[in-house]
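In terms of my numbering, the sequence shown opens at residue -18 and continues consecutively.
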Amino acid sequence: MSTWRGSDIAKSFGIQEDGMVLNGVFCFNTPFGLATPSIYRGDLDFLQWLGGELHHINTRLGRLSLSLLLRAPTGYYYGEVDGEKVLLATLETGPSCDPRNAFELFTVAVGLAHVHEQQVSVAGEGPDWLAYYQTQRDKLLQLKPPNLSKRALVAWANLEETWRLCVEESINLLTMLKGRPRKTCLVLGLQSFTDFVYLPDRHQVHYNLVANCHLDSPARDLAKLVAAAGGETRIANNMLLSYQRVREISREEWKEFFAHLWFPHEVELGIFSDPSVNPLRLQQASNLLQAKIGMISELEDLVLPPIYGVDEEEEKEALTVNKKEIEPTPIELEPVWEEAVNEATEPVADQPEVPEVESQAEAPTVDDQSPVPGEEGMEQEAEIEEPQEDVRINMTATTSQQPSVWRPFPPPLGAEKAKEEELEEHEENNVNPELE
-18 MSTWRGSDIA KSFGIQEDGM VLNGVFCFNT PFGLATPSIY RGDLDFLQWL
32 GGELHHINTR LGRLSLSLLL RAPTGYYYGE VDGEKVLLAT LETGPSCDPR
82 NAFELFTVAV GLAHVHEQQV SVAGEGPDWL AYYQTQRDKL LQLKPPNLSK
132 RALVAWANLE ETWRLCVEES INLLTMLKGR PRKTCLVLGL QSFTDFVYLP
182 DRHQVHYNLV ANCHLDSPAR DLAKLVAAAG GETRIANNML LSYQRVREIS
232 REEWKEFFAH LWFPHEVELG IFSDPSVNPL RLQQASNLLQ AKIGMISELE
282 DLVLPPIYGV DEEEEKEALT VNKKEIEPTP IELEPVWEEA VNEATEPVAD
332 QPEVPEVESQ AEAPTVDDQS PVPGEEGMEQ EAEIEEPQED VRINMTATTS
382 QQPSVWRPFP PPLGAEKAKE EELEEHEENN VNPELE
């Protein structure tokens, strides 16, 4: 495309100027604002549908907006230059979005879910990602480490092992899903979270690369979005939760999502054949993949138990069987424990009030001249008069605190011996005369 002249592209769209370069991007100044060209090799029927629906789609995305396609004088949303189909989409400039920004993360995740919910009136199938991943694996197996230092060779081997582990896991998961029907919808064809830009004057998030839009499974779009979390489970989980506020993810989509998430999108295959690569860059790429593997492991613990369970009918059947087998039986408590439980659960307000004893006739007096009963009578009377106390277990430990007594200071060294001598002398002087 660099060999084309701007006038050729402008002519195909009826633009009078040759274009300019703004922030490293070639663009035109049109009545709709800045617009940038790009090559399109997809389905033309889908392109015509997309060009006519983008304006209506933007009204349903909240704070997310998509670029619009400009129509050529021919009535199509593309122009022909040297046999190639060229698009012209509006361009918005601004800082790249960061997944650590809560507003940008929520806006992108919710907007992406709305995009996947759009009704598409054209039919189409997504790319064969299993064949593509297998091709990438075969390319890796054919690569040999370039002439590097020993330290770089060690880092190269570690990265190659991690990269191969990720792609093998992705291929295995997609192989399990092979032959099953795949749901296709409108996807953005995301490459990175930085594809979105923030527009401060409108407080919106914008997506310029509408040329990447196509029909595919929403799982890959979602996997590319979560891969931008950089291995941080908290950010990835927030993305998934925000997405599911709008669109529910089916069980099959979850499985395909993890298959695409395992693929090492973050590390390009060309790094293995670069003779000038340094060990630090190789180590950073390996650490990035290791962090994503840890993130996937944590996400699988959150998501996989419900999606890899038995089918709904089998699950209901198992629940009914378990309910019959593990039906709870009533537990009979002993009278003492049953009374204690009832008393503990009884509200305080419902407890009966104890009436005060006003009569003094029942109390025994000293002036009572009744004869003293015998020993057996006294025991019976004591049993009748004394109320029987409930035997309760006091769970609070009782501690007896000894009063602190101030004692004199200990005598100095040698004082005990002097005291003994003084006592002996006192005994000798005070001798009992009767004994003498």
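Using N, Cα and C, we set each Cβ at its ideal position, and we do this for glycine too. All values reported here derive from a predicted model rather than from experimental measurement.
Check whether residue i and residue j have beta carbons under 8 Å apart
| i | j | result |
| --- | --- | --- |
| Ser46 | Leu72 | no |
| Val96 | Leu167 | yes |
| Ala136 | Gln(-3) | no |
| Ala200 | Pro80 | no |
| Val419 | Ile(-10) | The question about residue 419 has no answer, for the chain in this structure spans -18 to 417. |
| Ser(-7) | Val89 | no |
| Leu121 | Arg145 | yes |
| Gly107 | Asp197 | yes |
| Leu51 | Thr11 | yes |
| Gly212 | Asn193 | no |
| Leu250 | Gln99 | no |
| Thr143 | Gln271 | yes |
| Pro260 | Ala133 | yes |
| Gly14 | Asp(-1) | no |
| Lys273 | Leu154 | no |
| Val186 | Pro76 | no |
| Leu269 | Val284 | no |
| Leu93 | Leu221 | no |
| Leu35 | Val191 | yes |
| Gly60 | Ala53 | yes |
Identified DSSP bridge partners for residue i
| i | result |
| --- | --- |
| Phe177 | Tyr188 |
| His195 | Val168 |
| Pro18 | Leu69 |
| Phe7 | Val2 |
| Ser423 | Given a span of -18 to 417 for the chain in the structure shown, any question on residue 423 remains unanswerable. |
| Glu61 | Lys66 |
| Ser443 | Only positions -18 to 417 of the chain appear in the structure, and residue 443 is not among them; the question remains open. |
Cβ-based burial, residue i [other Cβ within 10 Å; buried from 16]
| i | result |
| --- | --- |
| Gly32 | buried |
| Ala70 | buried |
| Met1 | exposed |
| Ala104 | exposed |
| Met189 | Per the sequence presented here, residue 189 reads as Asn, with Met not at that position. Buried is the call here. |
| Val6 | exposed |
| His37 | exposed |
| His407 | exposed |
| Asp331 | In this prediction, Asp331 has a pLDDT of 44, which is less than 50 and means its spatial position is unreliable; nothing more can be read from the coordinates. |
| Gly275 | exposed |
| Ser223 | buried |
| Glu484 | Shown here, the chain extends from -18 to 417; a query on residue 484 therefore has no answer. |
| Ser278 | exposed |
| Pro18 | buried |
| His195 | buried |
| Asp282 | exposed |
| Ile230 | buried |
| His184 | exposed |
| Ala16 | buried |
| Glu403 | exposed |
| Asp152 | Note that residue 152 corresponds to Ile in the displayed sequence, not to Asp. That one is buried. |
| Glu334 | Low confidence applies to Glu334: its pLDDT is 46, below 50, so where it sits in the model is not reliable enough to give any reading. |
| Ala266 | buried |
| Ala204 | buried |
| Glu65 | exposed |
| Glu234 | buried |
| Asp202 | buried |
| Leu3 | exposed |
| Leu280 | buried |
| Leu25 | exposed |
| Val372 | Since pLDDT at Val372 reaches only 49, below the 50 mark, its modelled position is unreliable, and no value is offered. |
Spell out a yes or no on whether the segment 253 to 261 and the segment 214 to 234 are touching, meaning 3 or more CB-CB pairs, one atom from each, closer than 8 Å.
no
For the segment 173 to 181 and the segment 222 to 241, state whether three or more C-beta atom pairs, one from each stretch, are separated by less than 8 Å.
no
Please list the segments of the alpha helix (DSSP H) lying wholly inside the segment 82 to 158, counting only runs of 4 or more residues, in order along the chain.
83 to 97, 110 to 123 and 131 to 157
Closer than 8 Å is the cut-off here; do at least three beta carbon pairs connect the segment 151 to 168 with the segment 106 to 120?
yes
Any alpha helix (DSSP H) of 4 or more consecutive residues that is wholly inside the segment 199 to 235:
199 to 208 and 214 to 225
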